[in-house]
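Quick notes on the structure that follows.
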Ligand code: ACO
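Numbering (this note's numbering), first residue to last: 977 to 1309.
Now the structure itself:
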């Protein structure tokens, strides 16, 4: 059986216009710019506005069009849409189906949503890779589109300072015969013993959103920040090391490390653990905060468009999220 190599053909991203600074938050809750910057590295975040079409599918449309253009394709060249959203547009139809219509795709390509929280986009890339490698699909749109502001309790200083809205997209397709782009290695895990550290229990089938739920303020996410912090550092560092080893790359062969942008202290602790120089780490958590599964593809797209990441570079990406899900990928761009 002939196997193909997978290449990132194009990327795109979308950030809502509205900026909410730490000072803006400190007018509402008991916090300060200094506290937030010291503990997280976050200066500001973007917040989506539904009246401007900035829903998960709306943001995804803008990011996807840029990715498809960068890939030199047209919308009907896309033969599958995989979309990660912690909070989709609605329970059904899936957000990827809504996106298919918004993009004007008329080829009836399959559409699928996944929820692996912040690891969602990283989870989807090896899945797309497997389908491209075997020739089952040719051009797969892989999206992380997140509107965390829809379940972020703006009165809870433990969580609301951390999150922002955004979308990142990539078109994955076949590398040409003479190209050396490929996905070398990946790892995906979930440690469900830690699943209770980050939850949003209301709104699903087991706990419908009732007046009682709203009166008890149970419609928001809750988090045990310190437990997540510890698990994030150990898991991301171990996964990054594992995929680099499987790719037979030494740390000096890695050109860029693109970690999930949850907290600057987590990123720095992970970098220190597996000894990657600070200059090789892509960071934008200061501007956008934690945008969940959008964070890695947004950082990737910005680094490509700014000329930092070039064809032939070896990239290492890693993420973790509620579940606790985690994953890492090593690839040649
Ligand atoms: N402003 C001011 N003070 C605050 C704030 C705030 N926004 N938030 C908490 N505090 C207070 C606490 O109440 C506590 O006060 P106390 O000592 O009087 O009780 C004090 O600051 C210290 O709180 P800690 O929780 O110990 O602070 P820590 O250094 O752990 O930082 C933080 C908290 C930033 C949340 C950190 O634990 C963290 O980043 N954790 C990881 C979270 C994360 O990445 N979540 C996303 C997961 S990915 C996904 O799937 C969505």
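For each residue, glycine too, the CB sits at the ideal point set by N, CA and C.
Neighbourhood of residue i by C-beta, 7 Å cutoff - its chain only, sequence neighbours within 5 removed
i	result
residue 1208	1238, 1242 and 1296
residue 1037	1075, 1078 and 1079
residue 1130	1004 and 1136
residue 1022	991, 992, 994, 995, 1140, 1141, 1142 and 1264
residue 1204	1173 and 1174
Coarse secondary structure for residue i, derived from DSSP in three states
i	result
residue 1047	coil
residue 1149	strand
residue 1016	helix
residue 994	coil
residue 1052	helix
residue 1138	coil
residue 1217	helix
residue 1199	strand
residue 1266	strand
residue 1165	strand
residue 1122	strand
residue 1225	coil
residue 1252	coil
residue 937	This structure cannot speak to residue 937, because the chain is shown only from 977 to 1309.
residue 1023	coil
Beta-bridge partners of residue i, as assigned by DSSP
i	result
residue 1235	1294
residue 982	1150
residue 1340	One cannot answer for residue 1340 here, as it falls past the ends of the chain, which runs 977 to 1309.
Same chain, Cβ closer than 6 Å to residue i, five either side skipped, listed in chain order
i	result
residue 966	A question about residue 966 goes unanswered here, because the residues of the chain that appear run from 977 up to 1309.
residue 1030	992 and 1024
residue 977	none
residue 1042	988
residue 1200	1173
Own chain partners of residue i with C-beta closer than 8 Å, once the 5 adjacent residues on each side are dropped
i	result
residue 1215	1163, 1165, 1294, 1302, 1303 and 1304
residue 1125	1023, 1024, 1139, 1140 and 1141
Where the alpha helix (DSSP H) through residue i begins and ends
i	result
residue 1096	1096-1109
residue 1071	1071-1079
residue 1248	1240-1249
residue 957	Absent from the structure is residue 957, since the part of the chain shown begins at 977 and ends at 1309.
residue 1276	1271-1281
Opening and closing residue of the beta strand (DSSP E) in which residue i lies
i	result
residue 1302	1301-1308
residue 1089	1087-1090
Worksheet entry | Inter-stretch contact at 8 Å, needing at least 3 Cβ pairs: the segment 1110-1122 / the segment 1141-1155 | yes
Practice prompt. Could you tell me whether the segment 1264-1278 touches the segment 1089-1099, using the rule of 3 or more Cβ pairs below 8 Å?
Written response: yes
Worksheet item: Do the segment 1084-1091 and the segment 1060-1072 touch if we need at least three Cβ pairs shorter than 8 Å?
Response: yes
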